[in-house]
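S.K.: Take -19 as the starting number for the sequence shown in our numbering and just add one per residue. Beta carbons are placed, not taken as given, at the ideal position from N, Cα and C, and that holds for glycine.
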Amino acid sequence: MTQEIRNIVILTGAGISAESGIDTFRSAGGLWEQHNVEDVATPEGFTRSPELVLNFYDMRREALGKVQPNPAHDALARLDAEFGGELLIVTQNVDDLHERAGAKRVLHMHGELKSALCLACEMRSPWDATLSDRPACPVCQAPSLRPDVVWFGEMPYQMDRIYRAIREADLFVSIGTSGAVYPAAGFVQDARNLGVQTLELNLERSEGSHWFHESRLGSAGELVPEWVG
Ligand code: BV8
-19 MTQEIRNIVI
-9 LTGAGISAES
1 GIDTFRSAGG
11 LWEQHNVEDV
21 ATPEGFTRSP
31 ELVLNFYDMR
41 REALGKVQPN
51 PAHDALARLD
61 AEFGGELLIV
71 TQNVDDLHER
81 AGAKRVLHMH
91 GELKSALCLA
101 CEMRSPWDAT
111 LSDRPACPVC
121 QAPSLRPDVV
131 WFGEMPYQMD
141 RIYRAIREAD
151 LFVSIGTSGA
161 VYPAAGFVQD
171 ARNLGVQTLE
181 LNLERSEGSH
191 WFHESRLGSA
201 GELVPEWVG
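1) According to DSSP, simplified to helix, strand and coil, what is His53?
2) Would you say the stretch 149 to 157 touches the stretch 132 to 141, given that touching needs at least three Cβ pairs under 8 Å?
3) Just to check, is the beta-carbon of Thr157 closer than 7 Å to a non-hydrogen atom of the ligand BV8?
4) Looking at the strands, I want to know which residues DSSP matches up with Ile155.
5) Indicate, with yes or no, if the ligand BV8 has a heavy atom lying under 7 Å from the CB of Trp131.
6) If I measure Cβ to Cβ from Trp207 and keep anything under 7 Å in the same chain, skipping five residues before and after, which residues do I get?
7) With C-beta atoms as the reference, is Val48 less than 8 Å away from Thr(-8)?
8) Checking the sheet assignment: what are the DSSP bridge partners for Thr129?
9) Taking Cβ positions, are Gly159 and Gly188 nearer each other than 8 Å?
10) Do His193 and the ligand BV8 come close, with the Cβ less than 7 Å from some heavy atom?
11) Could you say which of Leu179, Ala57, Leu111 lies nearest to Asn35 if we only look at CA atoms?
12) When you compare only the Cα positions, how much space is there between Pro23 and Met135?
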């Protein structure tokens, strides 16, 4: 890590959690091969079949309790603890592995498995149980909880904060994402247009690789500790 870097934005995707044993979306056998994205990750799918969607997220929330952060999460948590400049880890992931590794400056732009959103009072509550049994909202008691995740067609969280962080960054690092989903996939273009240094750490070339000043191919569990130093 060269010293003149004062402000880092890191974007993470499913690839950073792959070595923890969490399915990615688009790798062979991934989540979108097992499920039809329109059925389980859109508001229309939820309206059509809430049970299917609630069970899909209950299954992923339960699986989360059985896995651990991997060396890539640990290295980012160490960077977070030791780097004196500005740092923001913008994650597309809805798992809590960055936090369980000890990272503090984390922003979940697509929400979190361990949070529930009430359709009646629109309040969010920490949630570690199931939702398919239609439990009462802890705030308003209505049986109207949905997963607090951003589905396709829904606005990701805290976009203004993310764009401000990219504008102020010296370095934008993308780790473990296919660059297939917007607006996250467009962040590297914004960074490039603003003259920000860009680095990609990914298992294979992604849809956005050509936008990066440098693209290192390999597993996050190896590349991230090596990059953090
Ligand atoms: C929105 C949360 C607007 C839920 C997710 C046409 C053009 C541009 C955009 C669109 C378009 N048509 C539709 C859109 C919009 C759409 C979109 O981008 N669609 C795509 C498919 C074209 N986007 C949206 O709808 C977004 N919202 O645009 O709102 C708006 C405006 C106004 C008002 C209202 C709304 C919302 C998108 C969020 C959807 N939710 N997840 C859940 O988790 O279930 S998306 C889901 O896929 C993830 O969250 C993640 O963000 C996304 C991408 O997945 P990745 O993380 O990249 O994972 P993937 O499997 O794809 O890749 C893994 C990578 O890791 C691979 O490259 C692999 O090589 C690598 N890897 C694997 N192992 C390792 C590794 N790397 C390192 N080490 C390893 N060991």
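M.R.: Concretely, from the data shown:
1) In this structure, His53 counts as helix in the three-state DSSP scheme.
2) Note that the stretch 149 to 157 does not touch the stretch 132 to 141; fewer than 3 beta-carbon pairs, one per stretch, sit closer than 8 Å.
3) Yes.
4) Thr(-8), Leu181, per the DSSP bridge assignment.
5) Within 7 Å of the C-beta of Trp131 there is at least one heavy atom belonging to the ligand BV8.
6) Contacts found: Leu181.
7) One detail in the question is off: residue 48 reads as Gln in this sequence, not Val. Not a contact, by the Cβ cut-off of 8 Å.
8) Strictly speaking, residue 129 in this sequence is Val, with Thr absent from that position. The bridge partners DSSP lists for Val129 are Gly91.
9) Cβ atoms of Gly159 and Gly188: closer than 8 Å.
10) His193 Cβ: outside cutoff for every heavy atom of the ligand BV8.
11) Proximity to Asn35 across Leu179, Ala57, Leu111 peaks at Leu111, based on C-alpha coordinates.
12) In a straight line, the C-alpha of Pro23 is about 12 Å away from that of Met135.
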